[in-house]
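A.B. asks: The structure is given below, and queries will be raised subsequently.
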Amino acid sequence: MANIRKNRSRKSGLPPGTLVHIGEQKIDVPKITLIQYDEQDFLETEDLSLEQCAGKAGGFGGISWINIDGIHDIALMEKAGELFGVHSLTLEDILNTEQRPKAEAYEHYLFFSLKMLSLNGNGSNLLSEQVSLFLGERLVITFQERPGDVFDPLRERIRQGKGRLRKSKADYLAYSLLDALVDSYFGILERLGEEMEDLEELVLRYPAKQTVTRIHNLKRRILVLRRAVWPLRELVSSFEKSESPLLEHSTRLFLRDVYDHTVQIIDGVEVSREIISGLMDLYLSSLSNRTNEVMKVLTIVATIFIPLTFIAGVYGMNFKYMPELAWKWGYPAIWLVMVAAALGMLWYFRRKKWL
Amino acid sequence: MANIRKNRSRKSGLPPGTLVHIGEQKIDVPKITLIQYDEQDFLETEDLSLEQCAGKAGGFGGISWINIDGIHDIALMEKAGELFGVHSLTLEDILNTEQRPKAEAYEHYLFFSLKMLSLNGNGSNLLSEQVSLFLGERLVITFQERPGDVFDPLRERIRQGKGRLRKSKADYLAYSLLDALVDSYFGILERLGEEMEDLEELVLRYPAKQTVTRIHNLKRRILVLRRAVWPLRELVSSFEKSESPLLEHSTRLFLRDVYDHTVQIIDGVEVSREIISGLMDLYLSSLSNRTNEVMKVLTIVATIFIPLTFIAGVYGMNFKYMPELAWKWGYPAIWLVMVAAALGMLWYFRRKKWL
Amino acid sequence: MANIRKNRSRKSGLPPGTLVHIGEQKIDVPKITLIQYDEQDFLETEDLSLEQCAGKAGGFGGISWINIDGIHDIALMEKAGELFGVHSLTLEDILNTEQRPKAEAYEHYLFFSLKMLSLNGNGSNLLSEQVSLFLGERLVITFQERPGDVFDPLRERIRQGKGRLRKSKADYLAYSLLDALVDSYFGILERLGEEMEDLEELVLRYPAKQTVTRIHNLKRRILVLRRAVWPLRELVSSFEKSESPLLEHSTRLFLRDVYDHTVQIIDGVEVSREIISGLMDLYLSSLSNRTNEVMKVLTIVATIFIPLTFIAGVYGMNFKYMPELAWKWGYPAIWLVMVAAALGMLWYFRRKKWL
Amino acid sequence: MANIRKNRSRKSGLPPGTLVHIGEQKIDVPKITLIQYDEQDFLETEDLSLEQCAGKAGGFGGISWINIDGIHDIALMEKAGELFGVHSLTLEDILNTEQRPKAEAYEHYLFFSLKMLSLNGNGSNLLSEQVSLFLGERLVITFQERPGDVFDPLRERIRQGKGRLRKSKADYLAYSLLDALVDSYFGILERLGEEMEDLEELVLRYPAKQTVTRIHNLKRRILVLRRAVWPLRELVSSFEKSESPLLEHSTRLFLRDVYDHTVQIIDGVEVSREIISGLMDLYLSSLSNRTNEVMKVLTIVATIFIPLTFIAGVYGMNFKYMPELAWKWGYPAIWLVMVAAALGMLWYFRRKKWL
Amino acid sequence: MANIRKNRSRKSGLPPGTLVHIGEQKIDVPKITLIQYDEQDFLETEDLSLEQCAGKAGGFGGISWINIDGIHDIALMEKAGELFGVHSLTLEDILNTEQRPKAEAYEHYLFFSLKMLSLNGNGSNLLSEQVSLFLGERLVITFQERPGDVFDPLRERIRQGKGRLRKSKADYLAYSLLDALVDSYFGILERLGEEMEDLEELVLRYPAKQTVTRIHNLKRRILVLRRAVWPLRELVSSFEKSESPLLEHSTRLFLRDVYDHTVQIIDGVEVSREIISGLMDLYLSSLSNRTNEVMKVLTIVATIFIPLTFIAGVYGMNFKYMPELAWKWGYPAIWLVMVAAALGMLWYFRRKKWL
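Chains as they are written, first to last, in the numbering used here: chain A, 31 to 385; chain B, 31 to 385; chain C, 31 to 385; chain D, 31 to 385; chain E, 31 to 385.
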């Protein structure tokens, strides 16, 4: 699959509400999954069409959760808009994968747009996937860019019917999804924290050029995380305080909890930023230290041997009348002078604490 | 055309409301274009006089959009003020191209002043043009410094009559213009972002003097972008919350969308600033690294050869009584000593990880 | 005991309110202590079961303070939840030792989560232990991670029955616990301040590589302290302003005092951060100074002797026709030239203030 | 005139409201000018006594503007206080030339204190003069430290009777004075901006020691400008929102304009500060670059010639048994070796991109 | 007197309201002075006991000002609490000399805690003394750590009976004390400002190691000043807005003035901080400049003489077949070559602007 990234700027000049997919297409054919449950029943269906989903959801008294992996299919999105009454601006937000996390309350539904973050294999890259969440009455729709998400434990809980989930309304499902996403940030923050500690040791032990590249890369990933997390605080807070009838009182209490987690992550991110910038300073000081050390070695060797070489040079001159050359003890004497000069130098360096 | 830039300071001491063009004159003769449309009809006229425009706009039941390219003609501006009832302070704002983006509500109209940004050919310069927007009842007037703008796709949409635009009131046209301008910033942010990535690689690979100049230049352009974008947030927000009867409820929803885009751009700009300042640190550390490397080469060569030269110097002395000189194996022995000293040094440098 | 640290990320995907202990298990078997008192009586019991505690607390007209050391036992926590009516989200907060300090008001109780900080033996590490505080009517429960706390003087005051404590309600006990914790931060701030002063002297006297490591370590500890203290301000303030009937008016006055202490500690932490970042600059300048000094020694020695060596080299050449070599006073003359050159150099360096 | 600067600290311990002139006396004898005008008449009188001014102002139905150059004469100030009903705290503010710009509303008058800034001849110094403005009914009094101000164009406008000024009330005159002052800041910002651009080029081309002094000096001037401008925002805003009956509605609209200009200047100042701090970084990097270059030259020359000198030294030894010395092609061979070594070094440096 | 400094941490675990003196004891026996005055009478008594003071103050219709120098005597403090109705928390604040400046309104009195700052002899240390102020009806009590304060001019004013002071209520005395304290900060700011200017010159002329120590020390003193001044703004503002009946309307106007002074000092402190951090940059760049200069001298001398020494070395070799040695003009020719090489080098350095 070629790089089919579409930049935000492609939208310039198009009428607002025009549906354009912004970002990279990450899956070939969108995949739709429907989970339906109430306190007694549970039903999971795959590979339905959107119309089938809408029909099934409409004819069911419990909660329906439609998950759509792959959002690049404009026609599909337009159909979703029609079937579930989604405003065109909401659809535009779903398609724009560079959207800032945000929450918006419409008359008949609440809408959230968030980032699902994951580190690649060796942790050197922080992948960001947009997850949009539509919360209607008895209906939750999630839009993802590609298959694979952090919601599997949640699905398992629905299947097994343990806990509050099966007994609660759709808002509790929405909350659980939000909670799962926010919880997943903790894992990322922890891995970045571990890498930071590794780098800290490296910087102090041996400041190589790659170290600085890694510090810079880590800083970038923390900036990505930060950009995903900061708007969350406002988002969760506005969700919690929303007067929408879709939201039960008990769920608000749980949202307060998510809010606390968000603040905790933001705290962690900010501390990480501060430590990272300290690491850069540490690296520079470490480097200066090394340069200083190299300089000292050069200076010690050069200041000891350059004068000695000069003395040797003097007695290598070919003047006819150089009385010292004929002295019997001239040669040993000059050795004595040279050794004394060298020792003097060494004593001086020791006093200067260079040795 | 000579440089006829007029600075802001030229205005000092003039009575407020005195019309003085501040900035560079970018076109010889102002050009006026009139677009008129309603749901059925569409009319585009060029090269009219302002009086003609005013007459046509007054006698038409739909929306009229007058675009004026070139704002240096004071007489024309005064005429516009009379014909359309524009306050002298508004005219002053239109003429002052160093005006900060702002919105102001007057009794009969709303006024916006924004920056239209564009990168020059090779992207090394960010050009800023002031666009002023007057929104009256059934009338929108845009003032630009020179021909050429980001509104062509919008004109095309009016011509083709697709979408909401032809069915909506003048406030929707004003919103669409605002939206087009804000969308154009995304393109600029993307190009600057690409340049930033190039620079990042350059800095890590080979930190040349030009690199630092380019970083500085990029920083300046980001500051220009920032200065254009920051006031936008407040501007859009005050527009959205304005109680002017000129503003329909449905348009407010769209303005919320523009607001989100503005915040997204501001976010991007702030992240860019942070990365840029990180680049500068990276550059400095890269430079220190190179100095350190140069130092090491010098130190290695000098510390190996200076002592050897000293030894050679000793046996170049002309003392009469130097027993070693007469030894049969003196010369090979001295070579042995010298090779051993050199190897010892090399071993020391390897242990210090300088090699 | 092996390292059984459990990270926050382990919780991802679990239903909210699921009790999972996050952090390191620091004690084998939880230890429960009950202190009961009113103006006349005082009773201290150890090693009870939770049920016994609940029974005793229920049947007593005075204040009961239950202290639990060790929170990793989920079953125990759940029992506590049942017996004292603690909400599952509160239990989750108690178990999550990476929780940000916070206060929450429930219908029948107030809940606080704080950090108890202590420096290890040589002060190089700042240990953080979570202390959770449940304030009900006539009942205070404290949850700690391990035995040993800063509350011993408080216990002594209860035992001796001096002061207000025995005459006041449970809210005053809660306040006293809070006050003891906040007061303990002063001691830590003072020890860090002393270390900072030591480092300051070290940096100015002799900037070694370990110094920078110590500065970095100190900075980290201050960041830990800061993270524990900042949320406290809001916490105490919300406690003070809480409308809970559990809180007497007179206690609010005392809380105002705790609030002032919190602000004082925050002030101290911020000043410390500023001084620390100044220390880093000082270290770098100190290092540059040393490099400069090393350079000067090298330059002085090299610039004096390299030209002299050259002169000696010239008269070591073996040309047949070198008239100077045959001069009677050639050798002393060349010495004169060399001494003059060396003195000239020295004079130049003195003028440059290098000597 | 000797330096008779009086510091703020001289006031310590004096009762509040004690009139003490703080600052440098900049004129020998205060000079009083009276301008009186209404729509028809215009009268300009110089060298009056304050009593005469008060009499003339009282007996005139139009606007009177009294300008006093020189504020060090305490007796005069006290008389002004009596004649025009100025509160002693206001007089104290007028006399204290180190006063922060501020606005205050008293029952019968409004009071402003501002800074009039001017660059000296070569622009290397930013002079600050305090201008105080008293706005009563039909009366404006301005207090300046010395003759010469930015109000001459305004005086000309009054004389010529063009524009709104002659038709408006005293509040419009006060606004015009404020506007003239704020406009004068633009000129200063522009000159500083030009100097900044010069410095930018200098830094990139040749980083001399004077450059850094100039950067530092520029920074100081920008700090002075900033200190004068920041409080202005609040000042103008409070003026605009003041409920004083002295203020007409139409003037408020114009004040809004001044407010915009103030914000624009603050924006400019903040951008300048950011660029200045970037310049300092640029300077340091430029300096590091130069050091790196000097190091390279030294390293190249030294690493090429030191080994060659060693080789020459070896064959300058006087051992009896040195077979090479007797070889016929020994000398040319050794030249070959030396040239090869030098070329090898050069190739190595080229590969390292040092050449 | 031995160092009997008592740290804040000593209080940990003591019941709140326990009176413990925190800080250094600075006087042996507390000294109590009573000044009583009304419009007609004035009475100054020294060395009274507290009971006598209370009696005298109670039986006098005018204003009584009790000044206590020395606050380490707990018994005395407790007696003061009883006699004048001071809350135990207020007493605790008086005794805690590390208290942050604060104001608190109790039912029957207002309480302030401030810092009196003074520079020691050579200005290298900023001493901080806590001054607490109790304002009751017709009674002001000041608590100081040691004799000597900035209130002498105020006492003189009371004695002489000039100005408002003798005619006003106790709140005006409290205001005057506050004003005197705030005014004394100006003197300190000025002395620090002068030192800053000295340092600025030093840094640019000759960056020695002591300079950086002095910059650091100056920074510390500014941080102390800042810590004393920042809370003052809030303090004065809350005093001014306090609804206490102890406060006359006219005094509020004067407090507004103190507020302005406070803001002015804060401004000055912030500008100083910025300039100080600029000084550090300046120092570092100055140092880099010097290193660069040292490097240049070394490089010039070494690159000129090392090649020449090599040439001399070549003709010092003892090969049998070296035709040049036998040439008649060999020696002068080689001199020519060497002079040419040296001149070439010099030309190169000049072109590089190193000379």
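Positions of the beta carbon are idealized from the N, C-alpha and C atoms, including for glycine.
Who pairs with D:I65 in a beta bridge, going by DSSP?
C.D. replies: The residue you call residue 65 of chain D lines up with position 35 of the fourth sequence. Partner(s): D:E74, D:W95.
A.B. asks: How many whole angstroms separate the CB atoms of E:K197 and E:E81, which I take to be in contact at a CB cut-off of 8 angstroms?
C.D. replies: Translated into positions along the fifth sequence, residue 197 of chain E becomes position 167. Translated into positions along the fifth sequence, residue 81 of chain E becomes position 51. Their Cβ separation, rounded to whole angstroms, is 30 angstroms, which puts E:K197 and E:E81 out of contact at 8 angstroms.
A.B. asks: Enumerate in chain order the residues of its own chain whose CB-to-CB distance from A:L184 is below 6 angstroms, with the five nearest sequence positions on each side excluded.
C.D. replies: Counting from 1 along the first sequence, the entry for residue 184 of chain A is found at position 154. Counting only Cβ-Cβ distances below 6 angstroms, and skipping sequence neighbours, we find S206, A210.
A.B. asks: Is D:S148 near D:L140, with beta carbons less than 7 angstroms apart?
C.D. replies: Here residue 148 of chain D is taken as the residue at index 118 of the fourth sequence, counted from 1. Here residue 140 of chain D is taken as the residue at index 110 of the fourth sequence, counted from 1. No, the Cβ-Cβ distance between D:S148 and D:L140 is not below 7 angstroms.
A.B. asks: List the residues of chain A that C:K249 touches, going by C-beta distances under 9 angstroms, in chain order.
C.D. replies: Counted from its first residue, the third sequence places residue 249 of chain C at position 219. Within chain A, the residues near C:K249 are E304, I305, G308.
A.B. asks: With contact counted as at least three CB pairs below 8 angstroms, one residue from each stretch, are the region 187-203 of chain A and the region 233-240 of chain A in contact?
C.D. replies: Too few Cβ pairs lie closer than 8 angstroms, so no.
A.B. asks: In whole angstroms, what is the alpha-carbon distance linking A:I98 and A:E159?
C.D. replies: Locating residue 98 of chain A in the first sequence gives position 68, counting from the first residue. Locating residue 159 of chain A in the first sequence gives position 129, counting from the first residue. Using only the alpha carbons, I get a separation of about 13 angstroms.
A.B. asks: By Cβ distance below 6 angstroms, which residues in the same chain neighbour C:W384 in space, the five residues on each side in sequence not counted?
C.D. replies: Here residue 384 of chain C refers to the residue found at position 354 of the third sequence. Closer than 6 angstroms at the Cβ level, and outside the excluded window around C:W384, lie K326.
A.B. asks: Starting from the beta carbon of B:Y215, find every residue of chain D whose beta carbon is closer than 8 angstroms, and list them in chain order.
C.D. replies: What you label residue 215 of chain B is simply residue 185 of the second sequence in a count that begins at 1. Here the premise fails: no neighbours, minimum Cβ distance about 18 angstroms.
A.B. asks: By the criterion of Cβ-Cβ separation under 8 angstroms, what are the contact partners of B:D297 in chain A?
C.D. replies: Stepping through the second sequence from its first residue, residue 297 of chain B is reached at position 267. Simply R130, R257.
A.B. asks: Quick one: is D:P177 near chain B, going by C-beta distance under 7 angstroms?
C.D. replies: Walking along the fourth sequence from the start, residue 177 of chain D turns up at place 147. No, because no Cβ of chain B sits closer than 7 angstroms to the Cβ of D:P177.
A.B. asks: Considering E:V161, what are the terminal residues of the alpha helix (DSSP H) in which it resides?
C.D. replies: Against the fifth sequence, residue 161 of chain E aligns to sequence position 131. Here E:V161 belongs to no alpha helix (DSSP H); instead the beta strand (DSSP E) covers 156-166.
A.B. asks: For E:R251 and E:N155, what's the separation of their Cα atoms in angstroms?
C.D. replies: Residue 251 of chain E sits at position 221 when you count from the first residue of the fifth sequence. Residue 155 of chain E sits at position 125 when you count from the first residue of the fifth sequence. If you take the alpha carbons of E:R251 and E:N155, they lie about 7 angstroms apart.
A.B. asks: Rounded to the nearest angstrom, how far is the Cβ of D:L229 from that of D:T241, given a contact under 8 angstroms?
C.D. replies: Counting from 1 along the fourth sequence, the entry for residue 229 of chain D is found at position 199. Counting from 1 along the fourth sequence, the entry for residue 241 of chain D is found at position 211. That pair is a contact at about 7 angstroms.
A.B. asks: Kindly indicate which three-state DSSP category C:A238 falls into: helix, strand or coil?
C.D. replies: Numbered from its first residue, the third sequence carries residue 238 of chain C at position 208. If DSSP states are grouped into helix, strand and coil, C:A238 belongs with coil.
A.B. asks: Inspect the beta-carbon positions of C:P60 and C:G100 and report whether they are closer than 7 angstroms.
C.D. replies: The sequence position of residue 60 of chain C within the third sequence is 30, counting from 1. The sequence position of residue 100 of chain C within the third sequence is 70, counting from 1. Cβ distance < 7 angstroms, so C:P60 and C:G100 count as in contact.
A.B. asks: Applying the criterion that 16 or more other CB atoms from any shown protein chain within 10 Å of the CB defines a buried residue, is C:G374 buried or exposed?
C.D. replies: Numbered from its first residue, the third sequence carries residue 374 of chain C at position 344. Exposed, by the Cβ-count rule.
A.B. asks: Is it a yes or a no for the region 265-278 of chain D touching the region 335-355 of chain D, going by three-plus beta-carbon pairs under 8 angstroms?
C.D. replies: No: fewer than three Cβ pairs fall under 8 angstroms.
A.B. asks: First and last residue of the alpha helix (DSSP H) that includes B:I336?
C.D. replies: Counting from one through the second sequence, the residue named residue 336 of chain B turns up at place 306. Counting along the chain, the alpha helix (DSSP H) containing B:I336 begins and ends at 279-344.
A.B. asks: Quick one: any contact between the region 291-302 of chain B and the region 291-298 of chain A, if contact means 3 or more CB pairs under 8 angstroms?
C.D. replies: No, because fewer than three Cβ pairs between the region 291-302 of chain B and the region 291-298 of chain A fall closer than 8 angstroms, the two stretches do not touch.
A.B. asks: Here's the rule: buried if 16 or more other CB atoms are within 10 angstroms of the residue's CB, otherwise exposed. What is C:A87?
C.D. replies: Locating residue 87 of chain C in the third sequence gives position 57, counting from the first residue. Buried.
A.B. asks: Using 8 angstroms for Cβ pairs, my map puts E:Y313 next to E:I245. What's the rounded Cβ distance?
C.D. replies: Start at 1 with the first residue of the fifth sequence, and residue 313 of chain E comes out as number 283. Start at 1 with the first residue of the fifth sequence, and residue 245 of chain E comes out as number 215. Yes, E:Y313 and E:I245 are in contact; Cβ-Cβ is about 7 angstroms, under 8 angstroms.
A.B. asks: For A:L22, collect the residues of the same chain with a Cβ closer than 6 angstroms to its Cβ; drop the 5 residues on either side in sequence, then sort them by chain order.
C.D. replies: Outside the shown range of chain A, which is 31 to 385, sits residue 22 of chain A, and nothing can be said about it.
A.B. asks: Look at the alpha carbon of D:K382 and the alpha carbon of D:L376, and state the distance between them as a whole number of angstroms.
C.D. replies: By 1-based counting over the fourth sequence, the position of residue 382 of chain D is 352. By 1-based counting over the fourth sequence, the position of residue 376 of chain D is 346. Each residue's Cα considered, the two are about 10 angstroms apart.
A.B. asks: Throw me the rounded Cβ distance for the D:R168 and D:I93 pair, which I believe falls under 8 angstroms.
C.D. replies: As a position in the fourth sequence, residue 168 of chain D is number 138, starting the count at 1. As a position in the fourth sequence, residue 93 of chain D is number 63, starting the count at 1. Their Cβ separation, rounded to whole angstroms, is 6 angstroms, which keeps D:R168 and D:I93 in contact under 8 angstroms.
A.B. asks: So is C:S158 in contact with chain E if we call contact Cβ pairs under 7 angstroms?
C.D. replies: For the purposes of this step, residue 158 of chain C is identified with residue 128 of the third sequence, where counting begins at 1. For C:S158, the answer is no, since every Cβ of chain E falls outside 7 angstroms of its Cβ.
A.B. asks: Any Cβ of chain A within less than 7 angstroms of the Cβ of B:L234?
C.D. replies: One-based indexing of the second sequence puts residue 234 of chain B at position 204. Yes, B:L234 lies at the interface with chain A (some Cβ there is under 7 angstroms from its Cβ).
A.B. asks: Tell me which same chain residues have a C-beta within less than 6 angstroms of the C-beta of C:I104, skipping the five on either side of it?
C.D. replies: Along the third sequence, read from residue 1 onward, the residue named residue 104 of chain C stands at position 74. L49.
A.B. asks: Distance check for C:V259 and C:E225, CA to CA, integer angstroms please.
C.D. replies: Taking the third sequence and counting its residues from 1, the one referred to as residue 225 of chain C is at position 195. Taking the third sequence and counting its residues from 1, the one referred to as residue 259 of chain C is at position 229. For C:E225 and C:V259, the distance between alpha carbons rounds to 20 angstroms.
A.B. asks: How many Å lie between C:S268 and C:F284 at the Cα?
C.D. replies: Here residue 268 of chain C is taken as the residue at index 238 of the third sequence, counted from 1. Here residue 284 of chain C is taken as the residue at index 254 of the third sequence, counted from 1. One C-alpha to the other measures close to 14 angstroms.
A.B. asks: Rounded to whole angstroms, how far is the Cβ of E:T127 from the Cβ of E:I52, which I believe are closer than 8 angstroms?
C.D. replies: Mapped onto the fifth sequence, residue 127 of chain E falls at position 97. Mapped onto the fifth sequence, residue 52 of chain E falls at position 22. That pair is a contact at about 6 angstroms.
A.B. asks: Is there a C-beta anywhere in chain D that falls below 7 angstroms from the one on E:G85?
C.D. replies: As a position in the fifth sequence, residue 85 of chain E is number 55, starting the count at 1. For E:G85, the answer is no, since every Cβ of chain D falls outside 7 angstroms of its Cβ.
A.B. asks: Is it buried or exposed, E:A133, if we count other Cβ atoms within 10 angstroms and call 16 or more buried?
C.D. replies: The residue you call residue 133 of chain E lines up with position 103 of the fifth sequence. So E:A133 ends up on the buried side.
A.B. asks: Which of the three DSSP states is assigned to E:I245 in this structure?
C.D. replies: Walking along the fifth sequence from the start, residue 245 of chain E turns up at place 215. DSSP places E:I245 in helix when its eight states are reduced to three.
A.B. asks: Looking at C-alpha atoms only, which residue of E:D123, E:L121, E:L165 is the closest neighbour of E:H138?
C.D. replies: Looking up residue 138 of chain E in the fifth sequence gives position 108. Checked all of E:D123, E:L121, E:L165; the closest Cα to E:H138 is E:L165.
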